[in-house]
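Asks: Residue numbers (our numbering): 9 to 128.
1) Would you list the one or two residues that DSSP bridges to residue 107?
2) Leaving out five residues on either side along the sequence, give the residues of the same chain with a beta carbon under 7 Å from the beta carbon of residue 75.
3) Specify whether the segment 102-116 and the segment 55-74 touch according to this definition: at least 3 beta carbon pairs, one from each stretch, less than 8 Å apart.
4) Assuming residue 121 and residue 55 are in contact, meaning their beta carbons sit under 8 Å apart, how far apart are those beta carbons, in whole angstroms?
5) Please tell me whether residue 51 and residue 62 are closer than 7 Å, where the distance is taken between their beta carbons.
6) Between which two residues does the alpha helix (DSSP H) containing residue 98 stretch?
7) Compare the C-alpha of residue 40 against each of 67, 85 and 15 and name the closest.
8) Taking DSSP as the reference, what is the three-state secondary structure of residue 24?
9) Among 111, 92, 82 and 87, which one has its Cα closest to the Cα of residue 38?
10) Quick check: the Cα distance between residue 7 and residue 92, rounded to an integer number of angstroms?
11) Assign residue 85 to buried or exposed, taking buried as 16 or more other Cβ atoms, counted over all protein chains shown, within 10 Å of its Cβ.
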């Protein structure tokens, strides 16, 4: 127990929650599906057959808001991208996970992500 929350922390929580008064969960999920499907489409066009494998389900109803790719040099690639400000998650032995945040990420962000993957 920490007692009563500080006024400052409550104001930041209020600001963070304001976004939900402007949208609904259906719209958030629709954007999430759109971002992940867009990424998978770019994967098919630019990454498939170049050492990358799609490890997430293709069906959006079987997938959350992240997409996992297999790549033999995944750990090194995630570290390189991190140094350039691209946030990804690595799981041994060769799994890279990319989370799409529908309230934050744009389709342009997904294009930039693929550019980083194509030309590390």
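Glycine included, every Cβ here is placed at the ideal spot set by N, Cα and C.
These figures come from a predicted structure and were not determined experimentally.
Replies: This is what the structure gives:
1) 74
2) 44, 47, 48, 64 and 106
3) yes
4) Rounded, the Cβ-Cβ distance is 11 Å, inconsistent with contact.
5) yes
6) Run containing residue 98: none in the alpha helix (DSSP H); it sits in the beta strand (DSSP E), 97-99.
7) 67
8) helix
9) 111
10) Because residue 7 is not part of the residues shown, which for the chain are 9 to 128, the question remains open.
11) buried
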